[in-house]
Ligand SMILES: C[C@](O)(C(=O)O)[C@H](CC(=O)O)C(=O)O
Ligand SMILES: [Mg+2]
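Numbering (our numbering), first residue to last: 2 to 302.
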């Protein structure tokens, strides 16, 4: 019902154990808490909270306008709706290394399983935009060390993202990733790699779990799960996929409604009331106390 069944510690452990299997973990981004539940219901084993999606959800571009507490609030809402481990996009850590430290504790308190911090300067921008600027390597190392020191649950996953590929080239990005691992990062997110050979080079050079960002309409190729598994990647991330699908469907639907004056033609594309109720667990609430409410649904709804 209202509650989930696992603790934050159990989910963090589950994510660690899942990563240790060496099998590719496919992680879709939830665009709201309900979609996190859908991700769980369809058998995925982790969900992502994207900075780009949260910003877009608020009608903002992904240029560092959202705050640590806004992200933590959404994270808490999300972890209440699913038992899956949730990985959170913590951008640059929202300021100085001490802000990154506070961000780690906020996210631990929000029940998430891990986060990634990137080496862009503040304010950051989407990793697939041009004109990014990265911090000096030593600054990012301080950011990571501060995050590691702040972490209270050793299973909380701290992932370092480097945006250096697009700024300083592949070799520099790899050097940075190694330095970030030495500083205590548990996993690495190499952003905006150009092709499969670059994915392979990164794998060759770095010893910790690696995340492949399969975001659409970006700078990199969309590699399928088999290819990523063969390349030795650990996480395939689909950060904005569900939002793009949902917004595409919403836009089409609005056009149809405006043109036809009724939504009737759209019904086959809609999630039905019964499917929504199934996802929300209505039956369980009703079984708990049918005096509170009961319901029957007409067939086909
Ligand atoms: C992964 C990412 O950081 C995100 O916020 O989801 C974005 C995704 C995107 O803008 O497509 C990024 O790659 O910077
Ligand atoms: Mg982001």
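The beta-carbon is built from N, C-alpha and C at its ideal position, and this holds for glycine as well.
A quick note: this is a predicted structure, and the numbers were derived from the prediction, not measured.
Backbone CA spacing between residue 85 and residue 55 [nearest angstrom]: 19 Å
Residue 118 vs residue 69 beta-carbon contact at 8 Å: no
C-beta atoms of residue 90 and residue 51 nearer than 8 Å: yes
8 Å Cβ cutoff met for residue 213 and residue 236: Yes, Cβ-Cβ distance for residue 213 and residue 236 is below 8 Å.
Among 300, 229, 22, nearest to residue 198 - alpha-carbon criterion: 229
Cβ-based neighbour list, residue 298, same chain, cut-off 8 Å, excluding 5 preceding and 5 following: 274, 275, 278
8 Å Cβ cutoff, residue 57 in contact with chain D: Reference to chain D is not applicable here, since this structure consists of a single protein chain.
Per DSSP, the bridge partner or partners of residue 28: 238
Element boundaries [beta strand (DSSP E), containing residue 160]: That run of the beta strand (DSSP E) goes 158-163.
Heavy atom of ligand 2 within 7 Å of residue 53 beta-carbon: yes
CA-to-CA distance, residue 37 to residue 94, given in whole angstroms: 23 Å
Residue closest to residue 77, alpha-carbon to alpha-carbon, out of 101, 100, 31: The shortest Cα separation from residue 77 among 101, 100, 31 belongs to 31.
Proximity to residue 10 [Cα-Cα], best of 112, 205, 165: 112
N-terminal and C-terminal residue of the beta strand (DSSP E) that residue 233 is part of: Per DSSP, residue 233 belongs to no beta strand (DSSP E) and is neither H nor E.
Inter-stretch contact (C-beta, 8 Å, three-pair minimum) for the segment 150-168 and the segment 186-194: Taking 8 Å as the limit for Cβ pairs, the verdict is that the segment 186-194 does touch the segment 150-168.
Contacting residues, own chain, Cβ-Cβ under 6 Å from residue 264 (five flanking each side not counted): 258, listed in sequence order.
Any non-hydrogen atom of ligand 1 closer than 7 Å to residue 221 Cβ: no
Counterpart residues of residue 190 in DSSP-defined beta bridges: 162
Residue 5 versus 300, 287, 282, 290, residue with shortest Cα-Cα distance: 282
Own chain, CB closer than 7 Å to residue 222, minus 5 neighbours either side, in chain order: 196, 197
Proximity winner among 82, 153, 290, 121, relative to residue 109 (alpha-carbon distances): 153
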